[in-house]
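Q: Structure provided below as structure tokens; questions to follow.
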Amino acid sequence: MQVYGIIPVNRLEEAKSRLASALTRRERVQLLLCMLEDVLHAVHGLLTPVVVSPSSIKEHLPGEYVLIKEKEKRGLTEAVRLGNAYALERGADATVFLPADVPLIKRHHVKEVLELGRSHPLVVAPARKGGVALVYRRPPDVIPEVFSDRSFIDVQKTAERYGVSLEVYDSFYLSLDLDTPEDIREFMYHGRGTATYEFLSRIFRGLEDAPPG
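If you're matching positions, the sequence shown starts at 809 in the numbering used here and goes up one per residue.
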């Protein structure tokens, strides 16, 4: 089965603005690239990764992935729609939306979702604060893109409206993105072995040994 991973990436100069009190702009850009590296490592060989961004990501992070360069920033929904259309044009059987900022994702998570996808046309992993950390769709247009401040509920309602059965894949490791200093502290307690951890441990020495909370 041919499955494409759709990974939207924000404009680099606007990366992780909510962490401005803890990291410089250059550090926030590097953090985003490290998180993307971890996501790409997790999906390598399992999905065909398609990164969608208004920035020239390959200049900063070479690798085996397709880059769709947006002419302008048009938001998450449009970025995923663009990547999904690219996959459909190439005969994709399914697509998986993944944010670029879930550095705790591992290969076994991706494998488990793909296995669930064999018997479920729609698999969704909830994120914190009502969002989604992953959306598997088979076929890629089984439901339209739905992203908002309460995406998880919106996806559920959309699936019900389209008559599509939905399977929930609940994982702490997918739900933890890095938006606040508190998120960084929690990540450092769990994130050894990732590029993101190696980068942050150079900046926040000792934080990796502190319990979250």
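A virtual CB, placed ideally from N, CA and C, is assigned to each residue, including glycine.
Report back the beta-carbon spacing between Ser995 and Leu984 to the nearest angstrom; my notes put them in contact at under 8 Å.
A: Sequence index remark: in the sequence shown, residue 995 carries index 187 (1-based). Sequence index remark: in the sequence shown, residue 984 carries index 176 (1-based). For the record, residue 995 in the displayed sequence is Phe; it is not Ser. Indeed they touch by this definition, with Cβ atoms about 6 Å apart.
Q: Unbroken beta strand (DSSP E) runs of length 3 or more, entirely within the region 893-961: which are they?
A: DSSP assignment within the region 893-961 yields the following whole beta strand (DSSP E) runs of 3 residues or more, N-terminal first: 902-905, 930-934, 940-945.
Q: For Val858, which of His916, Thr1004, Phe1012, Ala902 has the nearest alpha-carbon?
A: Numbered from its first residue, the sequence shown carries residue 858 at position 50. Among His916, Thr1004, Phe1012, Ala902, the Cα nearest to that of Val858 is on Ala902.
Q: What residue range does the beta strand (DSSP E) around Ser861 cover?
A: What you label residue 861 is simply residue 53 of the sequence shown in a count that begins at 1. Residues 856-861.
Q: Give the DSSP-derived three-state secondary structure of Glu878 in the structure shown.
A: As a first step, residue 878 must be located in the sequence shown, where it is residue number 70. DSSP places Glu878 in the coil class of the three-state scheme, outside both helix and strand.
Q: Roughly how many angstroms lie between the CA atoms of Pro1019 and Arg993, to the nearest whole one?
A: In the sequence shown, the residue the question calls residue 1019 occupies position 211. In the sequence shown, the residue the question calls residue 993 occupies position 185. No answer about Pro1019 holds up, because its pLDDT of 44 lies below 50 and its placement is not dependable.
Q: Below 8 Å, can you find three or more Cβ-Cβ pairs linking the region 888-905 to the region 938-949?
A: yes
Q: Let me know the alpha helix (DSSP H) ranges lying completely inside the region 966-1015, each 4 residues or longer, listed in chain order.
A: 980-983, 989-998, 1003-1011
Q: Relative to the C-alpha of Ala823, which residue among Thr1002, Leu986, Glu923, Arg1010 is closest?
A: For the purposes of this step, residue 823 is taken as residue 15 along the sequence shown, with counting starting at 1. Checked all of Thr1002, Leu986, Glu923, Arg1010; the closest Cα to Ala823 is Leu986.
Q: Within 8 Å, do at least three Cβ pairs link the region 953-964 to the region 881-892?
A: yes
Q: Which partner residues does Tyr812 have in the DSSP bridge list?
A: Looking up residue 812 in the sequence shown gives position 4. In DSSP, Tyr812 forms a bridge with Thr856, Thr903.
Q: Just checking my contact of Lys919 with Leu854 at CB under 8 Å: how many whole Å lie between their CB atoms?
A: For the purposes of this step, residue 919 is taken as the residue at position 111 of the sequence shown. For the purposes of this step, residue 854 is taken as the residue at position 46 of the sequence shown. Yes, Lys919 and Leu854 are in contact; Cβ-Cβ is about 7 Å, under 8 Å.
Q: Among Pro816, Ser979, Ile865, which has the Cα closest to the Cα of Glu912?
A: Mapped onto the sequence shown, residue 912 falls at position 104. With the sequence shown as reference, residue 912 is identified as Leu, and Glu is not the correct amino acid for it. The shortest Cα separation from Leu912 among Pro816, Ser979, Ile865 belongs to Ser979.
Q: To which residues of the same chain is Leu839 closer than 8 Å at the C-beta, ignoring the five residues directly before and after it?
A: The count along the sequence shown starts at 1 and reaches residue 839 at position 31. Within the same chain, Leu839 has close Cβ partners Ala823, Lys824, Leu827, Leu831, Leu986, Thr1004, Phe1007, Leu1008.
Q: Using only the alpha-carbon positions, how far apart do Val817 and Gly971 sit?
A: On the sequence shown, residue 817 is found 9 positions in, with the first residue counted as 1. On the sequence shown, residue 971 is found 163 positions in, with the first residue counted as 1. One C-alpha to the other measures close to 31 Å.
Q: Helix or strand or just coil, what does DSSP make of His868?
A: Numbered from 1 along the sequence shown, position 60 holds the residue referred to as residue 868. DSSP, reduced to helix, strand and coil, places His868 outside both helices and strands of the structure shown, so it counts as coil.
Q: By alpha-carbon positions, which one of Arg936, Pro948, His917 ends up nearest to Thr988?
A: The sequence position of residue 988 within the sequence shown is 180, counting from 1. Of Arg936, Pro948, His917, the residue nearest in Cα terms is Arg936.
Q: Alpha helix (DSSP H) containing Arg833: first to last residue?
A: Against the sequence shown, residue 833 aligns to sequence position 25. From DSSP, the alpha helix (DSSP H) with Arg833 extends over 833-851.
Q: Comparing C-alpha positions only, which one of Arg1010, His998, Val811, His868 sits nearest to Gly899?
A: Within the sequence shown, residue 899 is the residue found at index 91, counting from 1. Cα-wise, what sits closest to Gly899 is Val811.
Q: Where Ile865 and Leu875 are concerned, what is the direct C-alpha to C-alpha distance, given to the nearest angstrom?
A: For this step, residue 865 is matched to residue 57 along the sequence shown. For this step, residue 875 is matched to residue 67 along the sequence shown. Their Cα atoms are separated by approximately 8 Å.
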